[in-house]
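J.:
Protein chains: 2
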Amino acid sequence: MKRSPKDGTAPRIDIRSVAQHARVSIATVSRTINHVPTVDATLAARVWKAVDELNYFPNTQARALVSGKSKLLGLIVSEITNPFFPELIQEFELAAVAHGYEILIGSTNYEPKTMELCARRMLERKVDGVAIMTFGVEEFLLDRFTAEDIPMIFMDVPSKHPKRSTLSVDYRAGINEGVQHLAVLGHRRIAFISGPLKLWSAEIRRSSFSDCMRLAGLSVNEDWLIEGDHTLDGGRDAMQKILALDHWPTAVMCSNDLTAIGVQHALFEASLKVPDDFSLVGFDDVHLAEYTIPPLTTVRMSCKDLAQAAVASLISNMHQTEGKPQHDRTNIQTRLIVRQTTGLPKDALSDLNPKSKKKK
Amino acid sequence: MKRSPKDGTAPRIDIRSVAQHARVSIATVSRTINHVPTVDATLAARVWKAVDELNYFPNTQARALVSGKSKLLGLIVSEITNPFFPELIQEFELAAVAHGYEILIGSTNYEPKTMELCARRMLERKVDGVAIMTFGVEEFLLDRFTAEDIPMIFMDVPSKHPKRSTLSVDYRAGINEGVQHLAVLGHRRIAFISGPLKLWSAEIRRSSFSDCMRLAGLSVNEDWLIEGDHTLDGGRDAMQKILALDHWPTAVMCSNDLTAIGVQHALFEASLKVPDDFSLVGFDDVHLAEYTIPPLTTVRMSCKDLAQAAVASLISNMHQTEGKPQHDRTNIQTRLIVRQTTGLPKDALSDLNPKSKKKK
DNA sequence: TATTCAGTTGTAAACGTTTTCTAGACAAAG
DNA sequence: CTTTGTCTAGAAAACGTTTACAACTGAATA
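Line by line, the protein sequences are chains A and B.
One point on numbering: in our numbering, the residue at position 146 of the first sequence is 1260, and numbering is uninterrupted.
One point on numbering: in our numbering, the residue at position 300 of the second sequence is 1414, and numbering is uninterrupted.
(1) Whose CA, out of Leu1420/B, Glu1404/B and Leu1157/B, lies closest to the CA of Gln1204/B?
(2) Whose C-alpha, out of Ile1407/B, Gly1376/B, Ser1369/B and Asp1398/B, is nearest the C-alpha of Leu1112/A?
(3) Whose C-beta lies closer than 6 Å to the C-beta of Pro1459/A among residues of the same chain, with five residues either side of it excluded?
(4) So, is Ser1181/A buried or exposed, given that buried needs 16 or more other C-beta atoms within 10 angstroms?
(5) Which of the three DSSP states is assigned to Ser1144/A in this structure?
(6) Check whether chain A comes within 8 Å of Leu1237/B, counting only Cβ atoms and requiring the distance to be less than that.
(7) Can you check which of these residues, Tyr1285/A, Arg1320/A, Ser1139/A and Pro1409/A, is closest to Ser1393/A by C-alpha distance?
(8) List, in chain order, every chain B residue whose beta-carbon is nearer than 7 Å to that of Pro1125/A.
(9) My guess is that Pro1389/A and Gln1454/A are in contact by the Cβ rule of under 8 Å, so how many angstroms apart are they, rounded?
(10) Spatial neighbours of Val1191/B within its chain, please: C-beta separation below 8 Å, excluding the five flanking residues on both sides.
(11) Under a CB-based cut-off of 8 Å, is His1149/A close to chain B?
(12) I'd like to know whether the C-beta of Leu1410/B is nearer than 8 Å to at least one C-beta of chain A.
(13) Where does His1344/A land, buried or exposed, given buried means 16+ other C-beta within 10 angstroms?
(14) For Val1298/A, name the three-state secondary structure that DSSP assigns.
(15) Among Ser1282/A, Leu1231/A, Asp1257/A and Cys1232/A, whose alpha-carbon lies nearest the alpha-carbon of Cys1417/A?
(16) Quick one: which residues of the stretch 1390-1402 of chain A get their C-beta closer than 8 Å to a C-beta of chain B? List them in chain order.
(17) Got a sec: is the Cβ-Cβ distance from Tyr1294/A to anything in chain B below 8 Å?
(18) Is there a Cβ of chain A sitting closer than 8 Å to that of Arg1234/B, yes or no?
(19) Exposed or buried, what is Val1452/B when buried is set at 16 or more other beta-carbons lying within 10 Å of its beta-carbon?
(20) Just reading off the beta strand (DSSP E) that Glu1404/A is part of, what are its end residues?
(21) Whether or not the stretch 1206-1215 of chain A and the stretch 1424-1433 of chain A are in contact is what I'm after, with contact meaning three or more pairs of Cβ atoms, one per stretch, closer than 8 Å; do they touch?
(22) Starting from Val1244/B, trace the alpha helix (DSSP H) both ways and give me its first and last residue.
(23) Residues in its own chain within less than 6 Å of Thr1146/B by CB, not counting five upstream and five downstream?
(24) Go ahead and label Ser1333/A buried or exposed: buried means 16 or more other beta carbons lie within 10 angstroms of its beta carbon, across all protein chains shown.
(25) Could you name the residues that DSSP lists as bridge partners for Arg1350/A?
(26) Determine, using beta carbons only, whether Phe1259/B comes closer than 8 Å to chain A.
(27) Within the same chain, show all residues whose beta-carbon is closer than 7 Å to that of Gly1292/A, passing over the 5 residues directly before and after it, in chain order.
(28) Thinking His1401/B and Thr1195/A are a contact (beta carbons under 8 Å), I'd like their distance in whole angstroms, please.
(29) If I'm right that Val1241/A touches Leu1187/A with Cβ under 8 Å, what's the distance once you round it to whole angstroms?
(30) Closest by CA to Ala1287/A, which one among Arg1258/A, Ile1318/A and Ala1374/A?
(31) What would DSSP say about Ser1430/A, mapped onto helix, strand or coil?
(32) If I measure Cβ to Cβ from Asp1325/B and keep anything under 6 Å in the same chain, skipping five residues before and after, which residues do I get?
(33) If you follow the alpha helix (DSSP H) that Phe1259/B is part of, which residue opens it and which one closes it?
(34) For His1361/B, name the three-state secondary structure that DSSP assigns.
(35) Establish whether the CB of His1275/B and some CB of chain A are separated by less than 8 Å.
(36) Let me check understanding here. Comparing Cα to Cα, which of Ala1424/A, Ser1139/A, His1361/A and Ala1380/A lies closest to Asn1445/A?
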């Protein structure tokens, strides 16, 4: 009934039509388009001709249903609105298509509920692998992926499951370069604005900062360790908190570039100048960082490397059925990019908030 | 063989398992989970209990295969790296899930080749509708969607096909407000940096600008109509071209916010101040616009409205099988948001480039 | 010339759903 | 008590592929 031309809709071109048109069986068509080497060249040519003439392409759903493989890679990020993630997505997609995969994106907006929905969607669409570039994942969600034998890759959070691998970013090196850079300029009072501390990666960046400070012989002031949320607004708010303090730092490091841009804005509103009044360093090196005013000194984390490593690991892990994963842990380098938001500290003698000073 | 527990893999929980567990037929399970009202309450309860206990969810591929509907909406954008698009994507996804759909994203990077791949992917995944938020689409790609009876929605480019509708943004109103604002401040020499002119929307924004200038009694100088490409780099380059001219405008309008940020950077590099030396207005009102230094005066185009209208139109069009589309054309409002990049023109008397002046 | 073997092609059985259609069950009406 | 009608559950046929397996071909060997 459905195939009848009576109902007005164009006749669906499926593998059967192609087979008929090329005068071969559907199995031969299938083998041809999947590049199975045993098909006769003459028949293959006929098939390709038919494919071309009928403008045929296979139905992904049917293909996925029978083969069990969707050729889909999931990518879960915390916030698509943070410019770091689109850049990551772009690179991830590039890497995925290079391997014949497509991507399904999920943005959690830091909400566990949304995360759950994302995970479920990934499961429903039967992704062949999933990169989880955010934290706050309930274990039971991951269990399901493990049960289905779907490889996963995380940032920073290690796991010893055979199909789970981790991308470990060398935060310490980059942050250390940043702290050293600031120390050499003469800064001794450095604040740090972290991301939401429930995120592993944010936690790690913060503790790396503390370590690096000690390494540089500098003491960390708890008042200057502010928890932000990786957004523009969060950066602004955090800086406002610092400005409300009686004692000011001379420099502030941020857990990501967006936060740094928010800080710049807070400083602008307070008529404070960067780097004259405060030095500022970001993290990520988003493309935009080159365009802030003044251009942002920041720690570069190559999202191209990140994306390529993630895809490579996923694909390698999904292919091997048994044993330890090949890519268990890959290291991602970071390094400081010095631009124009860092300079000499304004007032090396006093750390008093000028407004408080007046009061006294 | 596959179902045997011997092979070590966990037994797949499919609709059959649920049926067995609930002691009903698979048809009843299907009807229950699809909320068909005719199933007996007792049986339904048993089914839901089984679903819950087995942690079952349906296989999307199988579902899509038989029903012909993928519950997937395609969204093709020009460049995921431009912050306007992530914001759009976010809203689009929100609107889509609210209607029980998911989204498949394609980013063309302005390359026809990539666009073709995107379109093909959408077709292969059998999207139920596609929003094309970019231009440069070959007609033959669209034909295929039409042949498959898949509704489409475009920005700005009208079409009279029954399943194609268009989102028409009221550029003129916003741009006119911008020009008026500048004119009231005393600006008479206004430049415009467009997007790539092969894009309809860029073309429209540019011609709207010309019209609005005439409307304000201002003449447009061809030298100050620069073609950009909607990127940071493009904005910077365009502004550098303007600065190289003998005669300078006192204000510049940009086809999007990213361009404006690029312009700010070029000005910063040239040690020129905004708005003291130049007034600047952007377009889109990306969230970031509030955070540039100084904050950017820009024309707001609500991407929430855009996204919601797009999804609504798509869904409405896919449901009605015959006749004219319900949503043939929806209007999206724009309006000027005045922040701090616009001010009085510096030198109302002379438009000479200060450097050229010295030469003379 | 008969037999084996390798190499290809075609047939048919999956894959996990939705959905049409048939068959019961039960109530109301004759 | 039979007939008719109204529901609802279950059986089975799709959906468009892949792929195991059977069947065929022709060449090489005995």
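All C-beta atoms, glycine included, are put in the ideal place defined by N, C-alpha and C.
The structure displayed is predicted, hence computed values, not measured ones.
T.: Per the coordinate set shown:
(1) Ranked by Cα distance from Gln1204/B, the first of Leu1420/B, Glu1404/B and Leu1157/B is Leu1420/B.
(2) Outside the modelled stretch of chain A, which goes from 1115 to 1474, sits residue 1112/A, for which no answer is possible.
(3) Excluding sequence neighbours, Pro1459/A sits near Gly1300, His1301 and Thr1364.
(4) Exposed, because fewer than 16 other Cβ atoms sit within 10 Å of the Cβ of Ser1181/A.
(5) Helix, per DSSP.
(6) So, interface residue.
(7) Here the closest residue by C-alpha is Pro1409/A.
(8) Residues of chain B with a Cβ closer than 7 Å to the Cβ of Pro1125/A do not exist; the shortest Cβ-Cβ separation is about 10 Å.
(9) In this structure Pro1389/A touches Gln1454/A by the C-beta definition: roughly 7 Å separates them, less than 8 Å.
(10) So the qualifying residues of the chain are Phe1199, Leu1202, Ile1203, Ile1219, Gly1220, Ser1221, Thr1222, Met1247 and Thr1248.
(11) Closer than 8 Å: no.
(12) No, its Cβ sits nowhere closer than 8 Å to a Cβ of chain A.
(13) Buried, because 16 or more other Cβ atoms sit within 10 Å of the Cβ of His1344/A.
(14) Reduced to three states, the DSSP call for Val1298/A is helix.
(15) The shortest C-alpha separation from Cys1417/A is found at Ser1282/A.
(16) Correct list: His1401 and Leu1402.
(17) It is worth fixing the name first, because residue 1294/A is Gln in this sequence and not Tyr. Under the Cβ criterion of 8 Å, Gln1294/A is not counted among the residues facing chain B.
(18) Interface residue, yes.
(19) Here Val1452/B is exposed. Its C-beta has fewer than 16 other C-beta atoms within 10 Å.
(20) Counting along the chain, Glu1404/A falls outside any beta strand (DSSP E), and DSSP gives it neither H nor E.
(21) Yes: at least three Cβ pairs fall under 8 Å.
(22) From DSSP, Val1244/B is part of no alpha helix (DSSP H) but of the beta strand (DSSP E) over Gly1243 to Met1247.
(23) Take Thr1146/B, set aside five residues on each side of it, and the residues of its chain with a beta-carbon closer than 6 Å to its own are Val1153, Ala1158 and Val1161, in chain order.
(24) Around the Cβ of Ser1333/A, a 10 Å sphere holds fewer than 16 other Cβ atoms; the residue is exposed.
(25) As DSSP reads the structure, Arg1350/A sits in no beta bridge.
(26) False, the Cβ-Cβ gap to chain A never drops below 8 Å.
(27) The answer, listed in chain order, is Met1367, Val1395, Val1413 and Leu1450.
(28) Correct: roughly 7 Å between the Cβ atoms.
(29) Cβ-Cβ separation between Val1241/A and Leu1187/A: approximately 6 Å, consistent with a contact (criterion under 8 Å).
(30) Nearest C-alpha to Ala1287/A: Ile1318/A.
(31) Ser1430/A: helix per DSSP, three-state reduction.
(32) Hits under 6 Å: none found.
(33) The continuous alpha helix (DSSP H) containing Phe1259/B extends over residues Glu1253 to Ala1261.
(34) Here His1361/B sits in strand by DSSP.
(35) Answer no: the Cβ-Cβ gap between His1275/B and chain A never drops below 8 Å.
(36) It is Ala1424/A.
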